[in-house]
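> The structure follows.
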Amino acid sequence: MKSNDQKKVAASMGNWIGLDRRGFLALLGGLPALSGTLSGSALAQGTPHKGGILRVSAPANPSSLDPATGGAGSDHVFLYTMFDTLVAYDYASLQPIPGLAESWSFPDPTTFVLNIRPGVLFHDGTQCDAAAVKFNLDRNRSGERSNIRPDLETVTDVTVSGPNQVTLKLSQPDTALPLILSDRAGMMCSPMAVQERGKDHDRNPVGAGPWKFVSWANAEKIVVTRNEQYWRPGRPYLDGVELSIITEINTGLRSVIAGQNDFIYFLSPQQKQVIDRAKGLTAVSGPTLYCVQLYLNWGRPPFNDVRVRQAMNYAVDREEFNKATMNGLSEPAVLTLPAAHWAHDKALDNAYPYDPDKARRLLAEAGYKDGIDINMIGYTDQRSQQRQEVLIEQYKKAGIRLHFTNGSLAEMSAAFLSERKGDGFLSAWTGRPDPSLTYQLLFGAGAYYNPSRVEAVPEIGPALRATRAAEDIESRKKAFAVLQRLVTDNALVVPLLFQFEMDAHNAKVKGYRPNLLGKPKFEDVYLEG
Amino acid sequence: MHGTLRMIGRRLSQIIPVILLATFVVFGLLQLVPGDIAVTLAGDNATDVRIAQIRQSYGLDRPFLVQYASWLWNAMHLDLSRSYLSNEPVLDQILHRFPTSLLIVGLALVVSLVVGIPLGILAATRPGSRLDTAVTSFASLGVALPNFWLAMILVATFALSYNWFPATGSVALGKDPSKALLHAALPALALAAGGVAEVVRQLRSALIEILSSQYVRTLRAKGLSSASILWKHGLKNVSVTLLTVIGLLVNRLLGATVVVEAVFAIPGMGSLIVNAAIHKDFPVVQGVVLAMVVIVICLNLLIDVLYTILDPRVGLK
Numbered sequence: 017m018k019s020n021d022q023k024k025v026a027a028s029m030g031n032w033i034g035l036d037r038r039g040f041l042a043l044l045g046g047l048p049a050l051s052g053t054l055s056g057s058a059l060a061q062g063t064p065h066k067g068g069i070l071r072v073s074a075p076a077n078p079s080s081l082d083p084a085t086g087g088a089g090s091d092h093v094f095l096y097t098m099f100d101t102l103v104a105y106d107y108a109s110l111q112p113i114p115g116l117a118e119s120w121s122f123p124d125p126t127t128f129v130l131n132i133r134p135g136v137l138f139h140d141g142t143q144c145d146a147a148a149v150k151f152n153l154d155r156n157r158s159g160e161r162s163n164i165r166p167d168l169e170t171v172t173d174v175t176v177s178g179p180n181q182v183t184l185k186l187s188q189p190d191t192a193l194p195l196i197l198s199d200r201a202g203m204m205c206s207p208m209a210v211q212e213r214g215k216d217h218d219r220n221p222v223g224a225g226p227w228k229f230v231s232w233a234n235a236e237k238i239v240v241t242r243n244e245q246y247w248r249p250g251r252p253y254l255d256g257v258e259l260s261i262i263t264e265i266n267t268g269l270r271s272v273i274a275g276q277n278d279f280i281y282f283l284s285p286q287q288k289q290v291i292d293r294a295k296g297l298t299a300v301s302g303p304t305l306y307c308v309q310l311y312l313n314w315g316r317p318p319f320n321d322v323r324v325r326q327a328m329n330y331a332v333d334r335e336e337f338n339k340a341t342m343n344g345l346s347e348p349a350v351l352t353l354p355a356a357h358w359a360h361d362k363a364l365d366n367a368y369p370y371d372p373d374k375a376r377r378l379l380a381e382a383g384y385k386d387g388i389d390i391n392m393i394g395y396t397d398q399r400s401q402q403r404q405e406v407l408i409e410q411y412k413k414a415g416i417r418l419h420f421t422n423g424s425l426a427e428m429s430a431a432f433l434s435e436r437k438g439d440g441f442l443s444a445w446t447g448r449p450d451p452s453l454t455y456q457l458l459f460g461a462g463a464y465y466n467p468s469r470v471e472a473v474p475e476i477g478p479a480l481r482a483t484r485a486a487e488d489i490e491s492r493k494k495a496f497a498v499l500q501r502l503v504t505d506n507a508l509v510v511p512l513l514f515q516f517e518m519d520a521h522n523a524k525v526k527g528y529r530p531n532l533l534g535k536p537k538f539e540d541v542y543l544e545g
Numbered sequence: 141m142h143g144t145l146r147m148i149g150r151r152l153s154q155i156i157p158v159i160l161l162a163t164f165v166v167f168g169l170l171q172l173v174p175g176d177i178a179v180t181l182a183g184d185n186a187t188d189v190r191i192a193q194i195r196q197s198y199g200l201d202r203p204f205l206v207q208y209a210s211w212l213w214n215a216m217h218l219d220l221s222r223s224y225l226s227n228e229p230v231l232d233q234i235l236h237r238f239p240t241s242l243l244i245v246g247l248a249l250v251v252s253l254v255v256g257i258p259l260g261i262l263a264a265t266r267p268g269s270r271l272d273t274a275v276t277s278f279a280s281l282g283v284a285l286p287n288f289w290l291a292m293i294l295v296a297t298f299a300l301s302y303n304w305f306p307a308t309g310s311v312a313l314g315k316d317p318s319k320a321l322l323h324a325a326l327p328a329l330a331l332a333a334g335g336v337a338e339v340v341r342q343l344r345s346a347l348i349e350i351l352s353s354q355y356v357r358t359l360r361a362k363g364l365s366s367a368s369i370l371w372k373h374g375l376k377n378v379s380v381t382l383l384t385v386i387g388l389l390v391n392r393l394l395g396a397t398v399v400v401e402a403v404f405a406i407p408g409m410g411s412l413i414v415n416a417a418i419h420k421d422f423p424v425v426q427g428v429v430l431a432m433v434v435i436v437i438c439l440n441l442l443i444d445v446l447y448t449i450l451d452p453r454v455g456l457k
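Chains A and B, in that order, give the protein sequences.
Quick note on numbering: the first sequence equals residues 17 to 545 in my numbering.
Quick note on numbering: the second sequence equals residues 141 to 457 in my numbering.
Listed below in structure tokens is the structure:
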């Protein structure tokens with residue numbers, strides 16, 4: 017598969033101008049794992065133009081189309097079509113870039129000022145000004161039906177400090193806010209629509225995004241149409257987007273092969289072969305934040321011993337794991353952030369090379385000369401079981417005997433994270449827009465995803481706070497480097513791989529680029545033919 | 141006539157206990173499924189407080205029996221309440237989706253009968269012949285093939301390779317009848333394979349039995365032609381068997397939509413209940429179960445009434 021991609025890359029060498037940043041970096045850095053992006057439409061030629069309706073096969077019905085009241089991670093693809101965020105993100109690195117807010121600053125550590133782009137209108141014609149932003153932020157952080165109150169818990173007050181400026185008072189320094197506002201919390205709804213429609217705004221939303229809501233036939237289809245008053249000149253290209261909800265992913269792919277839909281996302285790597293066989297279909301893939309990993313409970317033996325945790329990291333062959341479970345279509349993971357992410361510290365890339373002998377030595381030092389039995393929690397689905405089989409075999413070579421207890425996702429998550437059963441947990445981390453949230457939720461004291469509920473080492477707390485106190489991106493990178501070093505040296509988790517986003521589209525679709533969040537946006541897409 | 145009315149009365153009086161039992165058992169089973177809809181509703185980053193709040197606002201913290209009783213009380217007032225997930229009235233969802241499933245089931249039934257009856261007759265009139273062997277083998281194959289597998293083969297061949305039919309989705313019959321039939325064709329064919337087999341086998345054996353009975357021998361001795369024996373006497377007597385087969389078949393086809401609708405991404409009753417059951421959206425599950433139970437009971441009642449018309453002895457019993 018990879019050599020095939022590389023051939024396509026070679027064939028397209030003459031077309032470098034069309035290369036996106038990530039593709040360019042992949043070529044420069046020779047990152048073979050990223051070459052998947054190049055086979056996609058990043059190299060597509062032609063000029064973007066307006067017109068046409070994109071027909072998308074979507075894998076899940078949204079929980080709600082109101083960003084504040086919904087909850088599923090799969091909602092974003094729908095929400096992005098109708099809602100612009102205050103802060104946007106760079107597709108390749110997830111760095112914050114201006115969105116509905118033109119600029120922002122922290123005049124002092126506990127004050128956050130947002131300058132709102134003037135003249136932006138909601139789909140109902142009302143102004144998206146400072147007052148509207150205040151309404152949204154207040155609703156998101158304290159509204160009774162808001163599911164995203166924790167996102168804005170450091171915000172104590174929001175004031176309109178100018179017609180196009182809002183000032184947020186914070187209880188503690190929080191430089192994660194710009195990226196938090198690139199997620200649900202930053203999606204602006206029309207205050208008039210929210211007030212008039214109440215609960216019905218969930219199913220009949222009004223935003224300021226490139227397309228406006230037309231209809232939602234539950235679990236069947238969502239239709240959006242061009243917002244003629246959209247603030248970005250010349251955008252959007254597409255007249256509309258029709259998202260058909262097809263929960264069976266193989267059926268969804270068949271609908272694209274048969275030409276009933278143009279685009280499908282959230283496919284599995286195994287489906288790459290089907291896409292390659294189908295005529296006129298292009299597979300697009302790229303790394304995402306979704307990290308398959310082993311959670312460890314360091315609150316009690318055996319994982320309260322750092323040597324055992326390190327042994328767990330040395331004893332796993334991530335390359336082989338990627339080949340065996342993902343057809344090689346993923347990025348092997350040592351850190352909790354993928355290589356393309358702005359906060360990823362490259363210095364740690366080789367922290368845990370595959371070394372079963374070293375793992376054995378570490379175990380012997382820790383008093384487990386004859387190897388060790390580990391009780392793991394896992395899921396019953398086929399792909400999880402496959403991962404378990406590969407891991408059991410790999411760990412056996414270092415004298416680590418994994419014993420899995422499996423169940424459904426909901427049941428097993430509760431078993432490990434709430435009821436504190438098992439020593440480790442084969443699951444995944446879906447990522448968060450700001451990496452400080454990821455580290456806080458996984459390693460912070462009292463965090464839900466940290467079953468021990470305590471900090472593994474006392475330095476974690478201050479290091480976590482430092483990432484939210486540093487303001488500019490360079491100093492934040494340094495703060496994250498310290499934190500990542502702590503997490504990696506103490507082996508608090510066994511990251512295995514970053515799942516690739518796998519999408520497919522027909523020849524009509526041009527200009528699509530995957531993003532590191534792994535949730536497709538259609539703002540650059542146009543149709544040809 | 142009196143007997144028929146008494147039979148209808150007896151059947152109707154069975155409806156309520158059956159509905160109570162079915163909805164209660166389904167409700168109980170849903171409680172056993174792990175997972176919590178409050179967690180789903182609260183979203184990815186939910187705190188325990190938020191989950192508890194949602195549980196309370198939806199009444200999910202009440203005891204099992206209280207939840208069931210409250211649903212039942214509303215249902216008795218023709219209020220099937222709203223879906224937890226979409227907040228849409230359950231009755232609206234059912235009314236919106238039922239025609240889609242009905243079209244597929246109806247079409248599958250028509251195909252089963254149109255193909256099954258002639259084949260059954262052919263096989264029965266020449267028992268032991270090569271044709272009979274071929275037909276019965278075909279019927280056995282139809283029973284043995286899983287309909288989801290057949291559905292995928294049909295899609296791969298007729299939708300993906302030849303592009304004769306759409307691979308997924310559905311169109312309302314009222315909106316565009318020809319398109320609606322085109323969309324329903326492959327799912328109906330996938331469902332009909334089992335139906336054809338059922339009709340052929342039952343019809344063949346019933347007809348063979350009748351054609352070898354003493355009164356048919358008498359008819360033959362009277363000098364009646366084979367054709368008129370078959371059409372006037374044979375088929376009339378297998379009609380009761382056929383009716384039973386149709387009744388069972390419709391019930392089974394309704395159940396099979398659960399799988400076939402998933403393969404074809406058809407927004408019908410089957411996909412509605414599957415999605416609701418996965419997310420523990422119990423008002424929807426209960427609503428669909430209730431609708432299905434009512435449909436099946438009404439169908440059985442209709443079949444029973446038709447029995448009394450075809451065979452007056454039934455009503456007298």
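We put the beta carbon where it would ideally sit given N, CA and C, even for glycine.
Quick check: what's the CA-CA separation for ASP292/A versus GLN276/A?
Taking the straight line from one Cα to the other gives about 18 Å.
> Quick one: Cα of ARG155/A to Cα of LEU254/A, how far?
Approximately 31 Å, taken between the alpha carbons.
> Pop quiz: LEU508/A and TRP314/A are said to be a contact at Cβ under 8 Å. What is the actual Cβ separation, rounded to whole angstroms?
With a Cβ gap of about 7 Å, LEU508/A and TRP314/A count as contacting.
> I need the DSSP call for GLU212/A, collapsed to helix, strand or coil.
It is helical.
> Which value, in whole angstroms, describes the spacing of the CA atoms of ARG150/B and LEU441/B?
About 10 Å.
> Between ALA49/A and chain B, is any beta-carbon pair separated by less than 8 Å?
Caution is warranted here: a pLDDT of 37 is assigned to ALA49/A, below 50, making its placement in the model unreliable, and no coordinate value can be reported.
> Only counting runs of 4 or more residues, tell me where the alpha helix (DSSP H) segments fall wholly within the region 379-456 of chain B, in order along the chain.
The region 379-456 of chain B contains these whole alpha helix (DSSP H) runs: 409-418, 422-450 and 453-456.
> Under 7 Å, CB to CB, which of the residues in the region 363-397 of chain B have a partner in chain A?
So the list is empty, because no residue satisfies the distance condition.
> May I have the straight-line CA-CA distance separating VAL222/A from ASP140/A, to the nearest angstrom?
Distance between the alpha carbons of VAL222/A and ASP140/A is about 7 Å.
> Would DSSP call PRO229/B helix, strand or coil?
Here PRO229/B sits in strand by DSSP.
> Using CA atoms only, rank isn't needed, just tell me which of VAL206/B, LEU225/B, GLN233/B and LEU200/B is closest to GLY427/B.
Considering only alpha carbons, the answer is GLN233/B.
> Between the region 158-166 of chain B and the region 428-437 of chain B, do three or more beta carbon pairs fall short of 8 Å?
Yes, since at least three Cβ pairs between the region 158-166 of chain B and the region 428-437 of chain B fall closer than 8 Å, the two stretches touch.
> What does DSSP give as the partner residues of SER301/A in its beta bridges?
Answer is MET518/A.
> Any idea which residues DSSP pairs TYR395/A with across the strands?
TYR395/A is bridged to GLY423/A.
> If contact means a Cβ-Cβ distance below 9 Å, which residues of the region 526-537 of chain A contact chain B?
Hits within the stretch: zero.
> Between which residues of its own chain and LEU44/A is the CB-CB distance below 6 Å, once the five residues before and five after are set aside?
Its pLDDT being 37, under 50, LEU44/A is placed unreliably by the model, and the measurement read from it follows with that caveat. So no residue of the chain qualifies.
> Tell me whether ASP361/A sits in a helix, a strand or coil according to DSSP, three-state version.
Here ASP361/A sits in coil by DSSP.
> Specify the secondary structure class of TYR105/A as computed by DSSP and reduced to three states.
In the structure shown, TYR105/A sits in a strand (DSSP, three-state: E or B).
> What distance in whole Å lies between the Cβ atoms of VAL283/B and LEU326/B, which are believed to be in contact at a cut-off of 8 Å?
Not a contact, Cβ separation roughly 20 Å.
> How about SER73/A and SER271/A: are their beta carbons less than 8 Å apart?
Taking 8 Å as the Cβ cut-off, SER73/A and SER271/A qualify as a contacting pair.
> With DSSP collapsed to three states, give me the class of ASN152/A.
The answer is helix: DSSP assigns ASN152/A an H, G or I state.
> Closest to PRO78/A by C-alpha separation, out of ARG266/B, ILE191/B and LEU225/B, would be which residue?
Comparing Cα positions, the closest option is LEU225/B.
> Taking ASN391/B as the reference, which of LYS372/B, LEU242/B, ARG357/B and VAL251/B has the closest Cα?
Comparing Cα-Cα distances from ASN391/B to each of LYS372/B, LEU242/B, ARG357/B and VAL251/B, the minimum goes to LEU242/B.
> How would you label ILE177/B, buried or exposed, when you count the other beta carbons within 10 angstroms and need 16 or more for buried?
The residue in question, ILE177/B, is buried, as its Cβ has 16 or more Cβ neighbours within 10 Å.
> Thinking just about the alpha-carbon of each residue, which of ASN220/A, ILE113/A and GLY202/A is nearest to the one in ALA209/A?
Nearest C-alpha to ALA209/A: ASN220/A.
> Give the DSSP-derived three-state secondary structure of VAL255/B in the structure shown.
The answer is helix: DSSP assigns VAL255/B an H, G or I state.
> Beta-carbon of ASN412/A versus every beta-carbon of chain B: anything under 8 Å?
One point to set straight first is that residue 412/A is Lys, not Asn, in the sequence displayed. Closer than 8 Å: no.
> When we look at the beta-carbon of GLU490/A and count the other beta-carbons within 10 Å, is it buried (16 or more) or exposed?
Burial call: exposed.
> ALA463/A to ALA192/B, Cα distance in whole Å?
Cα to Cα, ALA463/A sits roughly 17 Å from ALA192/B.
> Could you confirm whether any beta carbon from chain B is found closer than 8 Å to the beta carbon of ALA192/A?
For ALA192/A, the answer is no, since every Cβ of chain B falls outside 8 Å of its Cβ.
> Taking GLY178/A as the reference, which of ASN131/A, VAL93/A and THR267/A has the closest Cα?
Closest by alpha carbon: ASN131/A.
> Would you kindly report the start and end of the unbroken alpha helix (DSSP H) that includes ASN214/B?
204-216 is the span of the alpha helix (DSSP H), which, as asked, contains ASN214/B.
> First and last residue of the beta strand (DSSP E) that includes PRO123/A?
Run containing PRO123/A: 117-124, per the beta strand (DSSP E) assignment.
> Taking 8 Å as the CB-CB limit, is GLN276/A close to chain B?
GLN276/A counts as touching chain B.
> On a CA-only basis, which of LYS150/A, ILE164/A, ASN180/A and PRO166/A is nearest ASP173/A? Give me that one, please.
The option with the nearest alpha carbon to ASP173/A is LYS150/A.
> To the nearest angstrom, report how far apart ALA291/B and ALA402/B are at their CA atoms.
In a straight line, the C-alpha of ALA291/B is about 10 Å away from that of ALA402/B.
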